[in-house]
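Colleague: The opening position of the sequence shown corresponds to residue 963 in my numbering, with each subsequent residue numbered one higher. The beta carbon of each residue, even a glycine, is placed where N, CA and C say it ideally should be.
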Amino acid sequence: MKNAVDAIVQAFETLDPRHIDTLAALYAPDARFKDPFNEVRGWPAIAAIFRHMEVSLDNPRFVITGRIVDGRQCFLTWEFHFAFKRYAVGQPQCILGGSHLVLDEAGRITLHRDYWDAAEELYEKLPVIGGLMRWLKRRANG
């Protein structure tokens, strides 16, 4: 499985939103994907999520910062670098997160679950809602 994980890391670190179909070989046809905003099944639905990056973001790229492989499962930690197309145009952004991947016998992804804090990593950076999120965080912390 190490070779499969190496190929997955390479694909995500060199991902070009204009060529999402190159990821199709990494996913089982009925793979599941879940993140803070989406929960879908099947490659066409997963591809649509990746294609949305091209519409909303400039220069999206992943940097894999760590990996743990255990049999047919792995956990990747990553930095997602990008800039918004409609807000703070050109200002670099970074989201820190992790992905739990479960692979089939052929090394294809059957489950891709992303973990990241949408409140801290995204909402706090947006106008209006960002101020509200920071205020709520201060109130919750006493």
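Between the Cα of Ala1050 and the Cα atoms of Asp1032, Leu1019, Gly1069 and Asp1066, which residue gives the shortest distance?
Modeller: Measuring from the Cα of Ala1050, the nearest candidate turns out to be Leu1019.
Colleague: Please name the residue in Ala1068, Arg1075 and Thr1039 whose C-alpha comes closest to that of Leu1058.
Modeller: For the residues Ala1068, Arg1075 and Thr1039, the minimum Cα distance to Leu1058 belongs to Thr1039.
Colleague: Only counting the same chain, and skipping five residues up and downstream in sequence, which positions put a Cβ closer than 8 Å to that of Gly1060?
Modeller: Excluding sequence neighbours, Gly1060 sits near Phe1037, Leu1038, Thr1039, Trp1040, Asp1076, Tyr1077 and Trp1078.
Colleague: What residue range is occupied by the uninterrupted beta strand (DSSP E) comprising Arg1013?
Modeller: Taken as a continuous stretch (DSSP letters only), Arg1013 belongs to no beta strand (DSSP E), being part of the alpha helix (DSSP H) at Trp1005 to Ser1018.
Colleague: Excluding the 5 residues preceding and the 5 following Gln1053 in the sequence, name in chain order all residues of the same chain whose CB lies nearer than 8 Å to its CB.
Modeller: So the qualifying residues of the chain are Ala1045 and Phe1046.
Colleague: Which class does Val1025 belong to by DSSP, given the choice of helix, strand or coil?
Modeller: Residue state, collapsed to three classes: strand.
Colleague: Between Leu1065 and Arg1029, is the Cβ-Cβ spacing less than 8 Å?
Modeller: No.
Colleague: According to DSSP, simplified to helix, strand and coil, what is Asp983?
Modeller: Looking at Asp983 - three-state DSSP - the assignment turns out to be helix.
Colleague: Which of the three DSSP states, helix, strand or coil, is assigned to Leu988?
Modeller: Helix at Leu988.
Colleague: Who are the near neighbours of Val1025 in its chain, counting only those whose CB is closer than 6 Å to its CB and skipping five residues on each side?
Modeller: The answer, listed in chain order, is Glu1041.
Colleague: DSSP three-state label for Asp938, please.
Modeller: It is not possible to answer for residue 938, since the shown part of the chain is limited to 963 through 1104.
Colleague: Using a Cβ-Cβ cutoff of less than 8 Å, which residues in the same chain neighbour Met963 once the five nearest sequence positions on both sides are dropped?
Modeller: Cβ neighbours of Met963 beyond the five flanking positions: Val1031, Gly1033, Arg1034, Cys1036, Leu1065 and Gly1069.
Colleague: Put Phe974 into one of helix, strand or coil per three-state DSSP.
Modeller: Three-state DSSP puts Phe974 in a helix.
Colleague: Please look up how many angstroms separate the CB atoms of Pro998 and Ala1080, rounded, as I've assumed it's under 8 Å.
Modeller: Going by Cβ atoms, the distance from Pro998 to Ala1080 rounds to 4 Å, so yes, they are a contact pair.
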